[in-house]
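Enquirer:
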Amino acid sequence: MARNWVKERHRKMDVADERVRILALAADKAAVAGDIDYADRYLAIARKIALRSSVPLPKQVKMRLCKGCHKYLMPGKTSRVRLNSESHRVETKCLSCGRVQCSPYLREQRVRRKKSG
Ligand SMILES: [Zn+2]
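Note that the sequence shown ends on residue 128 in my numbering; no numbers are left out.
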């Protein structure tokens, strides 16, 4: 009996993960087309699904989501991206709430080094 419960839970998590990814793709498409409101809504639904089913949000979604106001971050439209060479960080500022999210700058350098050989 317990085994079926575990199977059922994993099946639900798989479905939730798939839905989150589909919604993230839809949000990206809407944002590129200029519908930021739709992108916000798609990400809000994706976040709700992930929280309810305890599925971790994919990394691409986390990077596009403001941690302050949960809105879609699109560089140039709803966010501003700056490189801080003193602290070696990428700083993304949300233009609707003003929260600054930082991610390590060295990761990008490492990826660039790998690509160049
Ligand atoms: Zn924000």
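Note that the Cβ used here is the ideal one computed from N, Cα and C, for glycine as well.
#1: Assign Lys70 to buried or exposed, taking buried as 16 or more other Cβ atoms, counted over all protein chains shown, within 10 Å of its Cβ.
#2: For Ala61, which of Arg75, Lys125, Asp28, Arg52 has the nearest alpha-carbon?
#3: Buried or exposed for Arg75, going by 16 or more other Cβ atoms inside 10 Å?
#4: Does the beta-carbon of Cys108, which I'm using as the reference point, lie nearer than 6 Å to any heavy atom of ligand 1?
#5: With C-beta atoms as the reference, is Ala44 less than 7 Å away from Ala50?
#6: Should Val31 and Ala57 be called a contact, given that it needs their Cβ atoms to be closer than 7 Å?
Expert: Quick look at the numbers:
#1: exposed
#2: Asp28
#3: buried
#4: yes
#5: no
#6: yes
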